[in-house]
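Chemist:
Residue numbers (our numbering): 19 to 148.
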């Protein structure tokens, strides 16, 4: 079980697919930036595919967390950047996150014009409790 408690709200809509806030015990936190959908050879996974790249960045996030003794349930906050022109792609990213994570921490889905690597359309940042 993770160290993070995900919180809903009694006064805000329950139609969102993520927690509104997260309670983290005092202690160390891990700040993770620039998680890209790259394989071990540095090649972009699932070129141009929002769903495939969400799965890839979550898999890479899982590796980073594991190297520090944490797991996905320790994530207190996510920011997901999606480089697509349609708002529906943000929705697809959010739905895929919910499918992959189950319990989704507070998350911001942000549309951007470009990301660093060829054919990259998804990147994420995370804060986790250690």
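We put the CB at the ideal spot given by N, CA and C, even for glycine.
1. Opposite residue 141 in the DSSP bridges: which residues?
2. Let's test the definition: count the other Cβ atoms within 10 Å of the Cβ of residue 103 and tell me whether it reaches 16, buried, or not, exposed.
3. Given this structure, state the Cα-to-Cα distance separating residue 64 from residue 79, to the nearest angstrom.
4. Taking contact to mean at least 3 C-beta pairs separated by less than 8 angstroms, is the stretch 38 to 45 in contact with the stretch 81 to 88?
5. Counting only runs that start and end within the stretch 68 to 112, where is the beta strand (DSSP E) found for 3 or more residues in a row?
6. If I'm right that residue 12 touches residue 108 with Cβ under 8 angstroms, what's the distance once you round it to whole angstroms?
Modeler: By the coordinates alone:
1. Indexing the chain shown from 1 puts residue 141 at position 123. Residue 141 pairs with 99.
2. Your numbering for residue 103 matches position 85 in the chain shown. With fewer than 16 Cβ atoms within 10 Å of its Cβ, residue 103 is classed as exposed.
3. To locate residue 64, count along the chain shown from 1; it is residue 46. To locate residue 79, count along the chain shown from 1; it is residue 61. Taking the straight line from one Cα to the other gives about 16 angstroms.
4. Two segments are said to touch when three or more pairs of C-beta atoms, one from each, lie closer than 8 angstroms; by this definition the stretch 38 to 45 does not touch the stretch 81 to 88.
5. DSSP runs (the beta strand (DSSP E)) wholly in the stretch 68 to 112: 93 to 100.
6. Because the chain is modelled from 19 through 148, residue 12 falls outside the range shown and cannot be assessed.
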